[in-house]
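Each residue of the sequence shown is one higher than the last, beginning at 4 in the numbering used here.
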Amino acid sequence: MATKHRTAVKKGHRQPNRKKILSDVPKNQAFYCCDGQTLTNLVALANALQQMSDEVYAYHANGDKNDFYNWVADVVTDEELAEELAETLDRRQAADLVAERVAYLLSSEL
């Protein structure tokens with residue numbers, strides 16, 4: 004089961020730059036899935052994780068690597084989501100985490 008997304012702002016932490024985090028990344032920094040999908044933003048990642056096979060997910064996230072964590076941390080620059088993705092190797096949980104983060108960033112509560 005997915006962990007609840009932390010919506011409260013911790014003391015001393017800045018609000019996320021939601022516009023930047025939700026924007027398309029430069030084409031040369033897109034995420035290229037092994038099944039041929041090209042992802043350019045978190046919404047596309049959320050949709051892809053919902054639909055991709057567990058085998059495709061396991062190719063990108065396993066005991067040796069986590070390409071989703073790396074892309075979200077280094078390219079999308081959403082450290083909070085990246086930390087949560089680093090803690091799971093389950094596709095459904097990762098899909099829930101990304102969908103929850105996107106919903107949070109799109110909400111007017113920020």
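Where a beta carbon is used, it is the ideal one built from N, C-alpha and C, also for glycine.
Since the model is a prediction, treat every value here as computed from it, not as a measurement.
Contact annotation: Tyr60 and Arg94 have beta-carbon atoms nearer than 8 angstroms. Per DSSP, reduced to three states, the secondary structure at Asn20 is coil, with no helix or strand assignment. DSSP places Gln40 in no alpha helix (DSSP H); its state is neither H nor E. Judged by DSSP secondary structure, Gln96 falls within the alpha helix (DSSP H) whose first and last residues are 94-109.
Where Asn73 is concerned, the enclosing alpha helix (DSSP H) starts and stops at 70-74.
Distance between Ser26 and Asp57, taken at the CA atoms: about 27 angstroms.
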